[in-house]
Every structure is written in structure tokens, then in C-alpha cells.
Amino acid sequence: MKINFIELIKSAFRQRDEQFRQRLSVFLVCLVISMIIWITIKLANVYTSIIPVPVEFTHLPKDKVLTSVSDNIVRLEIKEKGSTLFSLLFIQSKKPAIINLRFTPMFSKNGTLSAAITTSSFINDIERDMGLYGKIQSISPDTIYLTFEPEKSKRIPVSANFDISYEKHYFGYDEISFNPDSVTVTGPERIIDMLDSASLGLIRLVNLSENISVTKSFPQDTAHHYHMLRFLPEEVTLTIPVEKFTEAQIDAPVIIINNNELRIKTFPDKVKVTYTVALKEYSDVEPGMITAVADFANIDIARGDKVRVRLEKFPAFIRINKVEPEIVEYIILK
Numbered sequence: 021m022k023i024n025f026i027e028l029i030k031s032a033f034r035q036r037d038e039q040f041r042q043r044l045s046v047f048l049v050c051l052v053i054s055m056i057i058w059i060t061i062k063l064a065n066v067y068t069s070i071i072p073v074p075v076e077f078t079h080l081p082k083d084k085v086l087t088s089v090s091d092n093i094v095r096l097e098i099k100e101k102g103s104t105l106f107s108l109l110f111i112q113s114k115k116p117a118i119i120n121l122r123f124t125p126m127f128s129k130n131g132t133l134s135a136a137i138t139t140s141s142f143i144n145d146i147e148r149d150m151g152l153y154g155k156i157q158s159i160s161p162d163t164i165y166l167t168f169e170p171e172k173s174k175r176i177p178v179s180a181n182f183d184i185s186y187e188k189h190y191f192g193y194d195e196i197s198f199n200p201d202s203v204t205v206t207g208p209e210r211i212i213d214m215l216d217s218a219s220l221g222l223i224r225l226v227n228l229s230e231n232i233s234v235t236k237s238f239p240q241d242t243a244h245h246y247h248m249l250r251f252l253p254e255e256v257t258l259t260i261p262v263e264k265f266t267e268a269q270i271d272a273p274v275i276i277i278n279n280n281e282l283r284i285k286t287f288p289d290k291v292k293v294t295y296t297v298a299l300k301e302y303s304d305v306e307p308g309m310i311t312a313v314a315d316f317a318n319i320d321i322a323r324g325d326k327v328r329v330r331l332e333k334f335p336a337f338i339r340i341n342k343v344e345p346e347i348v349e350y351i352i353l354k
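Have a look at this one:
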């Protein structure tokens, strides 16, 4: 049986006499004090430890964008008291090491710029920024390689991939709209030239039963190199109109076309059209709005007695579910 440590202590206090409880209390106090002293001593000692630090670059070449960096984290070997190292590793947020590229030599090739930075030359700057004067013993890697490409901007429409489900009897009523419907994207010229839209990625929404507006940021994925791009604005609001729909039926007469002036009669002469329509537009559907035709343009009348029926016209705000029958018989009248 597992016994909770606290419950064990409580049990000991209940079952023992007053002298035992006093001795146990003294022991626990001494244990805590000993631990505090031990930790204090350890934190006061000087140690050498490796601290990973992110890197940021300033004063990039004009009209260029950084597209490749061999390392975006440097590892600093620091000799410092345990308390400072503990704070750097576990308490403080990692303050980036700032590397100024203003006076860094650049090498041009095929429109791109390259640079090789010797990190040891920036140790003094990093020590100053991090308040670690004389504490950094070494830095790795010893060299960081950078590549810059021409920068370009253009305005392109917003797009997205949707995975949407609706509650029963509810459907999307109209087109999904974006606000704004286009954005300015800035990045490497070779990537910008390939873009024809700015995608918000996959948007998954479930069990919709009312209009909804969602604000999304552009994903910083690597698949489409979006991590190299800047979008203005950075967020887009998309609106999805939703309405409750119902199913209805209507009879549509079969109109014969391309019959070469022959008198033809179909059986039946009407088809039943089942459709879905928004409740608010249910009463807008009237006879004559849906037209069914039997087209004899490619029918060998002498050999056949059946023809397929298709809908030639119907309102844009309804969704056709089925037509019954889809194939009708016919006869030629003398």
C-alpha cells in the first residue's frame, strides 16, 4: 500500500508522544537549513557551463533579405557563479545576441550576397549586452555563413483551404469573404515571383449553425517559404455566412429540343426535381424557374425509345439533389 509522505508525518505526530514530535520537528528544521546552506554554497561556487543563445542580425544590406543562415544559435562557454548560471539557464528569458552587419564584408554572386562572420570578434559586444564582462571563455560555432537575396514586394489576393462541417440542415449560404481580400507580401524576389495568392493555410471549423467571423494570421511554415515573408497586414478576417436549409420538390415539364421538327412526346412529360433551398428563400422558388430538357441532337430516333433529361436552367440560390426520372421514354407522333 502506498503511503503519502505528508500522511506519514501526520500519523507519526498522532501516534507518538510529545517528546518524539519535538525531536522530529527539530530534525526537519535542521534538514531544511542544511539543504539551504548546501544550495547557497553550490550557487556561490564558480562553474563553467555552455549557454545556448539565439542570434539576431542588424543593419542588413539595403533591399536585400536574409534567406540562409548556417546557425541562428551560438553556444557561449561561460565561467560564472552558480547562481548566475542557474538564472541564465532556467529563469531569465534568452536575450538574443545582437550582431551588427554594418561593417561586415559582403561578396556578390549572381545577384545574391554572401558573408562569413567570425563570431569570436563579437564576444566583447555580447558580453556588454548580456552584462557578462570577461565571463565568456569561448563561442561556437566559430563562423556563421549568411546569404542575402534581392527583396521584392507585390500585392496578391488572400486564399485559404477550408475543412468545414455544419450542423444538420445548415449549410454555407454564400461565398466566404476575406477582409482585406488582398495583402502586400515582401520577401525574396524568387519566392515572390512564384506566388499568385497569400494562403492562410487550412482552416478547420466544425458544427456551424450561424454566421461566423474568424481572424487569422498567415502561417510561418517552411513548406511555402512563408517564414521568409512579411505580410501587410499580418491578419485577415474571414466571414462565413451560414443559413438553415430545407428540402423541397417541384414538377418541371420536359421541353423537347433539337427534334428536327418531329412531333415527339415523352413519358412522363414532367420530372420531379428535389432541391435544397435556404429557408428565407423558400417562397422565392416559383414554377417555371426550373427548366428540364430532352435533347435529341445526338439521339438515333429510329433505333431508340429513351432519352436522358437534364436541367437547363434553375435559380442559383438552390442546390439540385436529384431529378426523377433521369431517363424518359418517347414516341414519335404521326
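The opening residue of the sequence shown carries number 21 in the working numbering; numbering runs sequentially from there. Yeah, the Cβ is synthetic: ideal placement off N, Cα and C, and Gly gets one too. Small disclaimer: the values here were computed from a predicted structure and weren't measured.
Close beta carbons around lysine 292, own chain, < 7 Å, minus the five adjacent residues each side:
If you number the sequence shown from 1, residue 292 lands on position 272. Cβ within range, chain order: Gln269, Asp271 and Glu344.
Leaving out five residues on either side along the sequence, give the residues of the same chain with a beta carbon under 7 Å from the beta carbon of isoleucine 143.
As a position in the sequence shown, residue 143 is number 123, starting the count at 1. Around isoleucine 143: Ile156 and Ile159.
Please determine, among Phe265, Val329 and Ile338, the residue with the shortest C-alpha to C-alpha distance to lysine 188.
As a working note, residue 188 is residue 168 in the sequence shown. Lysine 188 has its Cα closest to that of Phe265, out of Phe265, Val329 and Ile338.
Can you find a C-beta in chain C that's less than 9 Å from the C-beta of phenylalanine 316?
Any reference to chain C falls outside this structure, which holds one protein chain only.
Check whether the segment 246–259 touches the segment 221–238, counting contact only when three or more Cβ pairs, one atom from each stretch, lie closer than 8 Å.
The segment 246–259 vs the segment 221–238: in contact.
Tyrosine 302 burial status per 10 Å Cβ neighbour count (16 or more: buried):
Along the sequence shown, read from residue 1 onward, the residue named residue 302 stands at position 282. Label assigned to tyrosine 302: exposed.
Please classify phenylalanine 77 as buried or exposed, where buried requires at least 16 other C-beta atoms within 10 Å of its C-beta.
Position 57 of the sequence shown, counting from 1, holds the residue named residue 77. By the Cβ neighbour-count rule, phenylalanine 77 is buried, with 16 or more other Cβ atoms within 10 Å of its own.
What whole-angstrom Cβ distance do glutamate 171 and threonine 206 have, given they're in contact under 8 Å?
The residue labelled residue 171 in the question sits at position 151 within the sequence shown. The residue labelled residue 206 in the question sits at position 186 within the sequence shown. That pair is a contact at about 7 Å.
So if DSSP puts tyrosine 190 in a beta bridge, which residue, or which two residues, is it bridged to?
The count along the sequence shown starts at 1 and reaches residue 190 at position 170. Answer by DSSP bridge pairing, in chain order: Lys264.
Delimiting residues of the alpha helix (DSSP H) encompassing isoleucine 137
Translated into the one-based positions of the sequence shown, residue 137 becomes position 117. Here isoleucine 137 belongs to no alpha helix (DSSP H); instead the beta strand (DSSP E) covers 132–138.
Neighbourhood of aspartate 315 by C-beta, 6 Å cutoff - its chain only, sequence neighbours within 5 removed
The count along the sequence shown starts at 1 and reaches residue 315 at position 295. Correct list, in chain order: Ile277 and Asn278.
Compute the Euclidean distance between the alpha carbons of valine 178 and threonine 235, then round it to the nearest angstrom.
By 1-based counting over the sequence shown, the position of residue 178 is 158. By 1-based counting over the sequence shown, the position of residue 235 is 215. Going from the Cα of valine 178 to the Cα of threonine 235 covers about 13 Å.
Pull up the CB-CB distance for leucine 133 and histidine 79, whole angstroms please, since I reckon it's below 8 Å.
Your numbering for residue 133 matches position 113 in the sequence shown. Your numbering for residue 79 matches position 59 in the sequence shown. Contact flag wrong, Cβ pair sits at about 13 Å.
By Cβ distance, which residues of its chain are closer than 6 Å to leucine 282, with the 5 residues on each side in sequence left out?
Position 262 of the sequence shown holds residue 282. Only Ile352 meet the Cβ criterion.
For the putative contact between threonine 124 and threonine 163, defined by C-beta atoms under 8 Å, what is the C-beta separation to the nearest angstrom?
Numbered from 1 along the sequence shown, position 104 holds the residue referred to as residue 124. Numbered from 1 along the sequence shown, position 143 holds the residue referred to as residue 163. Going by Cβ atoms, the distance from threonine 124 to threonine 163 rounds to 12 Å, so no, they are not a contact pair.
Helix, strand or coil: which one does DSSP assign to proline 210?
Within the sequence shown, residue 210 is the residue found at index 190, counting from 1. Note that residue 210 is arginine in the sequence shown here, rather than proline. Here DSSP, grouped into helix, strand and coil, assigns arginine 210 to helix.
Go ahead and pull the three-state DSSP assignment for methionine 21.
Within the sequence shown, residue 21 is the residue found at index 1, counting from 1. With a pLDDT of 47 at methionine 21, under the threshold of 50, the modelled position of this residue cannot be trusted; read the value that follows with caution. Methionine 21 falls in the coil class under three-state DSSP.
Burial state of isoleucine 119 (16 or more Cβ within 10 Å)
Locating residue 119 in the sequence shown gives position 99, counting from the first residue. That one is buried.
Nearest to valine 348 (by Cα), restricted to the options Ile319, Arg210 and Val94:
By 1-based counting over the sequence shown, the position of residue 348 is 328. Out of Ile319, Arg210 and Val94, Ile319 has the C-alpha closest to the C-alpha of valine 348.
State yes or no: is the C-beta of valine 75 within less than 9 Å of the C-beta of alanine 135?
The residue labelled residue 75 in the question sits at position 55 within the sequence shown. The residue labelled residue 135 in the question sits at position 115 within the sequence shown. No, they are not a contact pair.
If I follow the unbroken alpha helix (DSSP H) through asparagine 355, where does it start and stop?
This structure leaves residue 355 out entirely; the chain is present only between 21 and 354.
Per DSSP, what are the beta-bridge partners of arginine 175 in this structure?
Along the sequence shown, one-based indexing puts residue 175 at 155. In the DSSP secondary-structure assignment, arginine 175 is bridged to Thr204.
DSSP state of valine 291 mapped onto helix, strand, coil
As a first step, residue 291 is located in the sequence shown; it is residue number 271 there, counting from the start. Strand, per DSSP.
With distances taken Cα to Cα, identify the nearest neighbour of lysine 174 among Tyr165, Pro208 and Tyr190.
In the sequence shown, counting from the first residue as 1, residue 174 sits at position 154. Taking only the C-alpha atoms, the option nearest lysine 174 is Pro208.
Have a look at phenylalanine 337 and alanine 298 and give me their C-alpha separation to the nearest angstrom.
Within the sequence shown, numbered from 1, the residue matching residue 337 stands at position 317. Within the sequence shown, numbered from 1, the residue matching residue 298 stands at position 278. Using only the alpha carbons, I get a separation of about 8 Å.
Taking DSSP as the reference, what is the three-state secondary structure of leucine 331?
Taking the first residue of the sequence shown as 1, we reach residue 331 at position 311. If DSSP states are grouped into helix, strand and coil, leucine 331 belongs with the strands.
For valine 203 and alanine 180, believed in contact at Cβ under 8 Å, the rounded distance:
Reading the sequence shown from its first residue, position 160 is the one you call residue 180. Reading the sequence shown from its first residue, position 183 is the one you call residue 203. No, alanine 180 and valine 203 are not in contact; Cβ-Cβ is about 12 Å, not under 8 Å.
For the candidate residues Leu215, Arg210 and Ile223, whose alpha-carbon lies nearest to that of serine 185?
As a first step, residue 185 must be located in the sequence shown, where it is residue number 165. Nearest of Leu215, Arg210 and Ile223 to serine 185, Cα basis: Ile223.
Alpha-carbon spacing of alanine 312 relative to isoleucine 275, whole angstroms
Position 292 of the sequence shown, counting from 1, holds the residue named residue 312. Position 255 of the sequence shown, counting from 1, holds the residue named residue 275. Spanning the two alpha carbons is a distance of roughly 6 Å.
Using beta-carbon positions only, say whether lysine 300 and glutamate 263 come within less than 9 Å of one another.
As a working note, residue 300 is residue 280 in the sequence shown. As a working note, residue 263 is residue 243 in the sequence shown. Cβ atoms of lysine 300 and glutamate 263: closer than 9 Å.
Identified DSSP bridge partners for serine 158:
Residue mapping note: residue 158 aligns to position 138 of the sequence shown, counting from 1. Answer is Glu97.
Per DSSP, serine 229 forms a beta bridge with which residues?
Within the sequence shown, numbered from 1, the residue matching residue 229 stands at position 209. According to DSSP, which records beta bridges pairwise, serine 229 is partnered with nothing at all.
Name the two residues that bound the continuous beta strand (DSSP E) containing threonine 362.
This structure gives no information on residue 362, because the portion of the chain shown stretches from 21 to 354.
In whole angstroms, what is the alpha-carbon distance linking proline 200 and proline 161?
Residue 200 sits at position 180 when you count from the first residue of the sequence shown. Residue 161 sits at position 141 when you count from the first residue of the sequence shown. Here the alpha carbon of proline 200 sits roughly 44 Å from the alpha carbon of proline 161.
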